[in-house]
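See structure below.
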Amino acid sequence: MTQPVTTSSAASLPLPEGLQGIVADWSSDQRAFKNVPWGKAMMWIFLLSDTFIFSCFLISYMTVRMSTTEPWPNPSEVFALTLWGKKIPLILIAIMTFVLISSSGTMAMAVKFGYEKNRRMTFILLLITAALGATFVGMQAFEWTKLIVEEGVRPWGNPMGAAQFGSSFFMITGFHGTHVSIGVIFLIIVAVKVLRGDLDHERPGFLTGRKGNYEIVETMGLYWHFVDLVWVFIFAFFYLW
Amino acid sequence: MAHAQAQQHPIGIYLKIWGLLFILSTASYLVDYFHFQGYLRWFLIVVFMLLKAGLIVSVFMHMIWERLALMYAILVPTLLLIVLLGIGALEGNYTFFTRGAFFGPAAHVPAQHR
């Protein structure tokens, strides 16, 4: 049987520089995003839409914070913890930030080892990522409990000032925490697939008939880094502002 | 499907970016810890935030190694958010002004003008 001729132009044609390259890619046949697997391109487009959702939340938060005539509760004091008899401002949130950044680092390395087909390392790093993500969600649960039970913060009011503080807080961090939780579940699923060798043997997943490959680790990584990215903005605008 | 070139980069770059993210996070935490206020505080927060976001998107999410067609398709639409930000700021200011005018302690409107 003869081998079919490679007809993909993506690899053979030189890519023009700058804007001309964009025009060449977008005006070409069939696919605009060359050298990128479909799953990854679609994950990027999903993340773009998610960016708009989180931006709507953060911009609404800005609007209500600007428009309230009540004083805004000081996040530095609200989220302070007393450790070893000393009150440290915002310490829990700082630790959560470091936990999430570390999980992003391990995720990036998991993607690298995945492409090297190093199953063991990929599995271990994915599991560490999931564990750090779960730690983050656990700390957030602690933070929510403290805020609701001890500080008396509710979506419709709180003893410290503007009522909008509670609604913005629960909406934004709740939505972000949901993203982290979903990410942890999918990290465990991908980790199990890696460990079982599903990706090496190109076994299809349970939701799709497509063959498994190590690109799904990178796609998973994109989602996970995005969750970290959103936290960067929440940390800056909600906790530090 | 054309066989995609895998995104393979030396592990050192990830570790370096990880370290940088730690430093930048510590710096933004210290902004709060040392009680910087006003424009200096906001400036520092936004600078550290944008640096962190840029590092995550470009290196961890491999954006600097992607073709411009994808880069522009994802990054340019986010500029629309500036419009929403402007609208939100206008609306917030206006609401604050009307609240001050009608519900604030200084809102003594004579009865015949109500």
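First to last, the sequence lines map onto chains U and F.
Heads up, the first sequence is in the numbering used here, so the first residue is 1 and it goes up one at a time.
Heads up, the second sequence is in the numbering used here, so the first residue is 242 and it goes up one at a time.
The beta-carbon is built from N, C-alpha and C at its ideal position, and this holds for glycine as well.
Using CA atoms only, rank isn't needed, just tell me which of the options is closest to residue i.
i: U:Lys34; options: F:Arg308, F:Leu331, F:Glu332, F:Val317; result: F:Arg308
i: U:Ala241; options: U:Leu58, U:Asn213, U:Trp224, U:Leu222; result: Checking the displayed sequence, the identity of residue 241 of chain U turns out to be Trp instead of Ala. With distances taken between Cα atoms, U:Trp241 lies closest to U:Leu58.
i: U:Trp122; options: U:Leu92, U:Pro71, U:Phe237, U:Glu215; result: Checking the displayed sequence, the identity of residue 122 of chain U turns out to be Thr instead of Trp. Answer by Cα proximity: U:Glu215.
i: U:Ala80; options: U:Val217, U:Arg196, U:Leu147; result: U:Leu147
i: U:Pro73; options: U:Phe46, U:Met42, U:Met160, U:Ser60; result: U:Met160
i: U:Met139; options: U:Lys117, U:Ile91, U:Leu127; result: U:Ile91
i: F:Leu322; options: U:Asp50, U:Ser168, U:Phe175; result: U:Asp50
i: U:Thr193; options: U:Gly114, U:Pro14, U:Ser168, U:Val232; result: Looking at the sequence provided, one finds Lys at residue 193 of chain U rather than Thr. Ranking U:Gly114, U:Pro14, U:Ser168, U:Val232 by Cα distance to U:Lys193 puts U:Gly114 first.
i: F:Arg340; options: U:Lys211, U:Gln164, U:Phe46, U:Ser67; result: U:Ser67
i: U:Gly221; options: U:Gly205, U:Pro14, U:Asp200, U:Trp44; result: U:Trp44
i: U:Tyr223; options: U:Val137, U:His179, U:Ala141, U:Pro37; result: U:His179
i: U:Arg31; options: F:Val298, F:Leu311, F:Phe277, F:Tyr274; result: F:Leu311
i: U:Met42; options: F:Ala314, F:Leu331, F:Phe277; result: F:Ala314
i: U:Cys56; options: F:Gln278, F:Leu325, F:Gly253; result: F:Leu325
i: U:His225; options: U:Arg196, U:Ala108, U:Val137; result: U:Ala108
i: F:Ser269; options: F:Gly279, F:Trp283, F:Ala330; result: F:Trp283
Does DSSP classify residue i as helix, strand or coil?
i: U:Thr197; result: It should be noted that the sequence gives Gly, not Thr, for residue 197 of chain U. The answer is coil: DSSP assigns U:Gly197 none of H, G, I, E or B.
i: U:Thr82; result: strand
i: U:Arg120; result: helix
i: U:Lys211; result: coil
i: F:Gly345; result: coil
i: F:Asn334; result: helix
i: U:Asn161; result: Looking at the sequence itself, residue 161 of chain U is Gly, so the reference to Asn does not match. Strand at U:Gly161.
i: U:Lys87; result: strand
i: F:Arg282; result: helix
i: U:Arg154; result: strand
i: U:Asp325; result: No answer is possible for residue 325 of chain U: it lies beyond the span of chain U, which begins at 1 and ends at 241.
i: U:Gly205; result: coil
i: F:His303; result: coil
i: U:Glu17; result: coil
i: U:His179; result: helix
i: U:Thr69; result: coil
i: U:Trp224; result: helix
i: U:Val36; result: coil
Classify residue i: buried if its beta carbon has 16 or more other beta carbons within 10 angstroms, exposed otherwise.
i: U:Thr97; result: buried
i: U:Phe239; result: As written in the sequence, residue 239 of chain U is Tyr, which differs from the Phe given in the question. With 16 or more Cβ atoms within 10 Å of its Cβ, U:Tyr239 is classed as buried.
i: U:Trp26; result: exposed
i: U:Gln20; result: exposed
i: F:Val317; result: exposed
i: F:Lys293; result: buried
i: U:His176; result: buried
i: U:Glu202; result: exposed
i: U:Leu199; result: buried
i: F:Phe385; result: This structure cannot settle anything about residue 385 of chain F, because the visible part of chain F is limited to 242 through 355.
For residue i, I'd like the list of residues in its chain whose CB is within less than 7 Å of its CB, leaving aside the five on either flank, ordered along the chain.
i: U:Thr135; result: Val99
i: U:Phe235; result: Ile93, Thr97
i: U:Pro155; result: Gly166, Ser167, Phe170
i: F:Leu281; result: none
i: U:Leu83; result: Ile91
i: U:Ser60; result: none
i: U:Ser181; result: Val137
Is residue j closer than 8 Å to residue i when the C-beta atoms are compared?
i: U:Asn158; j: U:Glu151; result: yes
i: U:Pro71; j: U:Ala162; result: yes
i: F:Gly356; j: U:Met171; result: Because chain F in this structure spans residues 242 to 355, residue 356 of chain F falls outside the shown range and cannot be described.
i: U:Ser102; j: U:Leu132; result: yes
i: F:Leu271; j: F:Leu296; result: no
i: U:Thr219; j: U:Lys86; result: no
i: U:Ile217; j: U:Ala110; result: The sequence as given places Val at residue 217 of chain U; Ile does not occur at that position. Yes; because the gap between Cβ atoms is below 8 Å, this pair is in contact.
i: F:Leu265; j: F:Phe301; result: no
i: U:Lys117; j: F:His250; result: no
i: U:Gly174; j: U:Val153; result: no
i: U:Val64; j: U:Gln164; result: yes
i: U:Val232; j: U:Gly183; result: no
i: F:Val287; j: U:Leu229; result: no
i: U:Pro204; j: U:Gly197; result: no
Can you find the residues in the same chain that come closer than 8 Å, C-beta to C-beta, to residue i, ignoring five residues on each side of it along the sequence?
i: F:His244; result: The predicted model places F:His244 with a pLDDT of 42, which falls under 50 and marks its position as unreliable, so this point remains unresolved.
i: F:Gln248; result: His303, Trp306
i: U:Ile128; result: Ser103, Thr106
i: U:Thr69; result: none
i: U:Val190; result: Leu126, Ile216, Val217, Met220
Can you list, in chain order, the residues of its chain whose CB lies under 6 Å from that of residue i, leaving out five sequence neighbours each side?
i: F:Leu285; result: Val272
i: F:Ile258; result: Leu296, Val300
i: F:Arg355; result: Residue placement at F:Arg355 cannot be trusted, given a pLDDT of 48 that sits under 50; what the coordinates show is reported in the next sentence. Here the set comprises nothing.
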